[in-house]
Amino acid sequence: MSDARRTVTLMSGDGIGPEVMEATRAILEAARCPLDYEYQEAGAGASSRFGTNLPDVTVESCLRNGVGLKGPTATGIGGGQQSANVALRKRLDLYASLRPVKSIPGVKTRYEDVDLVVVRENTEDLYAGLEHIVVPGVVESLKIITEKASTRICRFAFEYARARGRKKVSAVHKANIMKLSDGLFLDCFRAVSREFPDIQGEEVIVDALCMQLVRWPEKFDVMVMENLYGDIVSDLCAGLVGGLGLVPGANLGEKTAVFEAVHGTAPDIAGSGLANPTALLMSAVMMLDYLKLTEHSRRIEQALLAVYAEGKVKTKDLGGSAKTTDFTRAVIDAMK
Ligand code: NAI
0 MSDARRTVTL
10 MSGDGIGPEV
20 MEATRAILEA
30 ARCPLDYEYQ
40 EAGAGASSRF
50 GTNLPDVTVE
60 SCLRNGVGLK
70 GPTATGIGGG
80 QQSANVALRK
90 RLDLYASLRP
100 VKSIPGVKTR
110 YEDVDLVVVR
120 ENTEDLYAGL
130 EHIVVPGVVE
140 SLKIITEKAS
150 TRICRFAFEY
160 ARARGRKKVS
170 AVHKANIMKL
180 SDGLFLDCFR
190 AVSREFPDIQ
200 GEEVIVDALC
210 MQLVRWPEKF
220 DVMVMENLYG
230 DIVSDLCAGL
240 VGGLGLVPGA
250 NLGEKTAVFE
260 AVHGTAPDIA
270 GSGLANPTAL
280 LMSAVMMLDY
290 LKLTEHSRRI
300 EQALLAVYAE
310 GKVKTKDLGG
320 SAKTTDFTRA
330 VIDAMK
C-alpha cells in the first residue's frame with residue numbers, strides 16, 4: 000500500500016451528483032484514505048457560472064492530479080453544446096471506459112452470478128458529434144472509426160483480461176451492416192487477438208449480444224466495443240445486477256483517469272435524499288485500486304457488501320426505504 004497522500008479532483012456534477020458525492024467522500028474519510036480533495040465544477044451547474052459545462056480549470060485540475068472522481072452531469076437533448084462527459088473524455092484522452100458489472104449478494108435480481116466487464120471505446124464513433132443539415136429535413140451524422148483507436152481499445156481489453164485472469168474477450172459489432180466502419184474495428188480486434196493466444200477471442204453481433212445477455216449472461220466475460228454500443232450495452236448490463244444505482248465505471252487514459260458511475264443525474268429523485276450512492280462509491284473503490292490503496296479499497300468494499308448481505312438498510316431503487324444518509328451511515332458503521 001502506498002502511504003503518499005494523493006490529491007483527487009472531485010466533480011460533483013448535477014442532479015443527485017452532489018448527494019452521492021457527499022456520501023462517497025464521507026465514506027472515504029471514514030476509511031482514512033490518504034487523499035486530499037480539490038472540488039471543481041462540471042455540467043449544467045458550471046455552465047451558469049463559467050459559460051461552459053467544462054471549464055478549463057476543471058480540465059487542468061484533472062491533468063495536474065492525474066485522477067478524478069465525477070458525479071453525473073446533465074446534458075440537454077438537442078441544442079448546440081457538447082456533453083461535459085464527452086468533452087472531458089476527449090480533452091483528457093480518456094480512451095477506455097471500463098465498467099465491471101457484478102452481482103451483489105443480497106440484491107435480488109433474476110440472476111445470481113453475473114460477472115461481466117464492458118470495455119467501451121470512449122473517443123470516437125457517432126460520439127464525435129459531427130452532424131450537419133444537408134438540406135432541410137435531412138441530417139447527416141458521421142460515424143468515425145479509426146484503426147488507431149480500435150487497436151488501442153482492443154489491446155486494452157485483452158491486457159485487462161490477461162491481468163485479471165479472465166478467459167475470453169468478445170468483440171461486439173454490427174459489421175454485417177456497417178461493413179467498412181465496424182469491419183475495420185473487427186480487423187483490429189482480430190489482429191490484437193492473435194497477440195493473446197492464451198485468451199479466447201470471439202465476435203458477436205450487437206443485437207444478438209443483447210438477446211443473449213438477458214438470457215445467458217454467464218456466456219460472456221470481457222466485452223469490447225465501439226462507443227455507442229458500449230453506452231447501450233453497459234446500461235443493459237446494469238439492469239442484470241439491480242440497476243443503475245449499483246454499477247461503477249472508470250474512464251482511463253495514458254496519464255489521467257476519471258472514475259464515475261454509469262448512471263445519470265436522476266432528475267426524478269434529485270434533491271430528495273433517495274439516491275443510492277453505491278455506484279459512485281464502487282467507482283471510488285476502483286479509484287483506490289488504481290492508486291494502489293488496496294487496503295482501503297477492500298475495507299470499503301467489504302463494508303458495502305456486508306450492508307447488502309445483511310439487507311436491513313436499502314435505498315428505494317432496491318425496494319427499501321433508507322435515505323442516502325442512512326445508507327452512508329450503515330457503510331461507515333460496518334467499517335468499525
Ligand atoms: P438516469 O441514470 O439519470 O436515470 C434513469 C433512472 O435510474 C431514473 O429513474 C433514476 O431515478 C434511476 N437512477 C439513476 N441513478 C440512480 C441512483 N444512484 N440511485 C437511485 N436511482 C437511480 O438517466 P436519464 O434519466 O436518462 O438521464 C438524466 C440526465 O443524466 C440526462 O441529462 C443525461 O444526459 C444525464 N446522464 C449523465 C451521465 C453521466 O454524467 N455519466 C450518464 C447518463 C445520463
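Taking numbering that gives the first Met the number 0, the leading residue of the sequence shown gets 0, the next gets one more, and so forth. We put the CB at the ideal spot given by N, CA and C, even for glycine.
Extent of the continuous alpha helix (DSSP H) to which residue i belongs
i    : result
A329 : 323-333
S47  : 43-49
Q211 : 205-214
I144 : Taken as a continuous stretch (DSSP letters only), I144 belongs to no alpha helix (DSSP H), as it is neither H nor E.
Residue range of the unbroken beta strand (DSSP E) whose run includes residue i
i    : result
E120 : 114-120
M10  : 5-10
F258 : 256-259
Y307 : Here Y307 belongs to no beta strand (DSSP E); instead the alpha helix (DSSP H) covers 293-309.
V66  : 66-69
Y38  : 34-38
Residue closest to residue i, alpha-carbon to alpha-carbon, out of the options
i    : options                : result
E253 : G12, E21, K89          : K89
P216 : V113, G244, L179, S233 : V113
R4   : S296, A308, L292       : L292
I178 : D55, A162, A29, K142   : Strictly speaking, residue 178 in this sequence is Lys, with Ile absent from that position. The residue with the shortest Cα to Cα distance from K178 is K142.
R154 : A162, E139, S140, F188 : F188
V284 : G12, G16, I26, A265    : I26
G244 : V221, M222, I268       : I268
G70  : E59, N84, N64          : N84
Length of the line joining the Cα atoms of residue i and residue j
i    : j    : result
Q211 : S233 : 14 angstroms
L87  : A256 : 11 angstroms
V205 : S102 : 22 angstroms
E130 : P104 : 44 angstroms
Y110 : T51  : 42 angstroms
C61  : G263 : 21 angstroms
V203 : D332 : 44 angstroms
N64  : I176 : 43 angstroms
P54  : A41  : 7 angstroms
M0   : D197 : Reliability fails at M0, whose pLDDT of 45 lies under 50, so the model's placement of it is uncertain and the value that follows must be treated cautiously. Distance between the alpha carbons of M0 and D197: 30 angstroms.
R193 : E201 : 12 angstroms
A329 : V58  : 34 angstroms
K167 : Y159 : 11 angstroms
A190 : P99  : 25 angstroms
beta-carbon residue i near the ligand ZN non-hydrogen atom, thresh 6 angstroms
i   : result
T74 : With respect to the ligand ZN, the structure shown offers nothing to examine, as its ligands consist of the ligand NAI.
Inspect the CB distances between the region 295-304 and the region 216-233 and report whether three or more fall short of 8 angstroms. Touching, no, given that fewer than three Cβ pairs across the two stretches are closer than 8 angstroms.
Between the region 31-38 and the region 6-17, do three or more beta carbon pairs fall short of 8 angstroms? Verdict: yes, contact present.
Inspect the CB distances between the region 14-25 and the region 268-283 and report whether three or more fall short of 8 angstroms. At 8 angstroms Cβ cutoff, the stretches touch.
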